[in-house]
Amino acid sequence: MIPPAVADTAQLASAGSPFTTAVRDLAPSALSRTKRARREHPAREFFRFGDALGSRPALRPVRTYHRGMSATPPAPARTGQVRLVRDIVLVCAAPLVLAGFGLGHPGGLRPYNAEHWAAMHIWLLPVWPLLALGLVVPLRGRPRRDAVGAATVAAWVAGFGYAVFYTGLDAVAGIGAGIAEQHGGEQRRRVVNPLFHTGDALGQAGVWCLTAAVVAATVALVLRYGARVLPGTAVLLVCCWSFFDSHIFHPRGVVTMLGFALGFALWAVAAARPAKARTGAGDAPA
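Under the working numbering, think of the first position of the sequence shown as -5, with each following residue one higher.
Okay, here's the thing in C-alpha cells:
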C-alpha cells in the first residue's frame, strides 16, 4: 500500500507541477526505501516522506515505542544504576538469607532439637546453590574463545561443583542426620555419626570447588576490568577459608556469610564500571 504522502506527491507530479521531473525521479526510490525501512524495522521505527526539494532529507526517522513503554528513552546513567542495584540484590540475597538462618542454627544436634535441625535444613536446601549467583552475575555473557572465556567457563563449572556438593552436605548431615537423631532410638549415634562423616566430606569438596571458582572468576574479571576487582577477591578468599569449618554456625558462620555478601557486592560494583580496553582487532567490546 502506497503511503498517503507518496500518493499525494505522485498526483502532484502527474498534474504538471513545475517540479514534475524532480518528483517523478524521487517518488519511486523514496517509496522503495520506505517499504524497506518498514520491513526491516516494523516495530521500532517508521519513516515519513519529507520535503525532497528543501534542505531536509527525503526520509526522516521518527522514533516510536510499544504500548507500555516510556515516552522518552531512559537515561544511560539511570539504566546503569538500576542494573547495579539489581546485580547487588542478586548476589547478596543468598548469603544474607543464610546469615539469617545462621542466627537460629543449633550449635549441635541433640534429640531435643533434632526436629528443628532437620526442618531448617529442608528450608536451606534451595538456598545453598544460590550462593553461586555471586559468580554467575559478574561473569554474565557468552564466553569467547580466549583467556577470559576459558576462565569464565572454569568458574562456572567450579561453581556448579560447589552447588552439587554443598547441597549434598545439607541433605545428608542436615536432613538425614536430623531425622536419624529424632527417630533412631538408642542406637541413633551409630547412624548419625557416619552421616556426619559423609556430610563433612561433601561439604569440604563443595568449599574447595567454591574456592577454585573464586580464583577462576578473579582471573576472568581482572582481564576484563583490571585490578579493581581484587578487594572483592580478598574478602571472598578469606570467607572461603572460614567456610571450611564454620558452616553457618553463629557467630563465625554468620560473619562468613556477611563477608560473602560484601565480596560479591564489591565484584558487582567493579563489573558495573566500563571494562578496560582490550587489544586486538578481532576483540569485540565487552
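We treat Cβ as the ideally placed atom computed from N, Cα and C, and that holds for glycine.
A quick note: this is a predicted structure, and the numbers were derived from the prediction, not measured.
Is residue i helix, strand or coil by DSSP?
{"i": "residue 115", "result": "helix"}
{"i": "residue 283", "result": "The displayed coordinates of the chain run from -5 to 280. Any statement about residue 283 would go beyond what the structure contains."}
{"i": "residue 81", "result": "helix"}
{"i": "residue 110", "result": "helix"}
{"i": "residue 105", "result": "helix"}
{"i": "residue 100", "result": "coil"}
{"i": "residue 121", "result": "coil"}
What does the alpha-carbon distance come out to for the pair residue i and residue j?
{"i": "residue 190", "j": "residue 74", "result": "46 Å"}
{"i": "residue 97", "j": "residue 91", "result": "10 Å"}
{"i": "residue 140", "j": "residue 134", "result": "15 Å"}
{"i": "residue 199", "j": "residue 207", "result": "12 Å"}
{"i": "residue 175", "j": "residue 186", "result": "6 Å"}
{"i": "residue 129", "j": "residue 254", "result": "11 Å"}
{"i": "residue 76", "j": "residue 192", "result": "43 Å"}
{"i": "residue 178", "j": "residue 109", "result": "12 Å"}
{"i": "residue 137", "j": "residue 143", "result": "4 Å"}
{"i": "residue 163", "j": "residue 217", "result": "34 Å"}
{"i": "residue 161", "j": "residue 120", "result": "8 Å"}
{"i": "residue 183", "j": "residue 173", "result": "12 Å"}
{"i": "residue 205", "j": "residue 234", "result": "6 Å"}
{"i": "residue 147", "j": "residue 212", "result": "12 Å"}
Contact defined as beta carbons within less than 8 Å: I believe residue i pairs with residue j. What is the distance between those atoms, to the nearest angstrom?
{"i": "residue 86", "j": "residue 258", "result": "6 Å"}
{"i": "residue 118", "j": "residue 95", "result": "6 Å"}
{"i": "residue 81", "j": "residue 262", "result": "4 Å"}
With a threshold of 8 Å, are at least 3 pairs of Cβ atoms found where one atom belongs to the segment 161 to 180 and the other to the segment 87 to 107? yes
Using 8 Å as the cut-off, can you tell me whether the segment 151 to 160 makes contact with the segment 225 to 236, which would need three or more C-beta pairs spanning the two stretches below that distance? no
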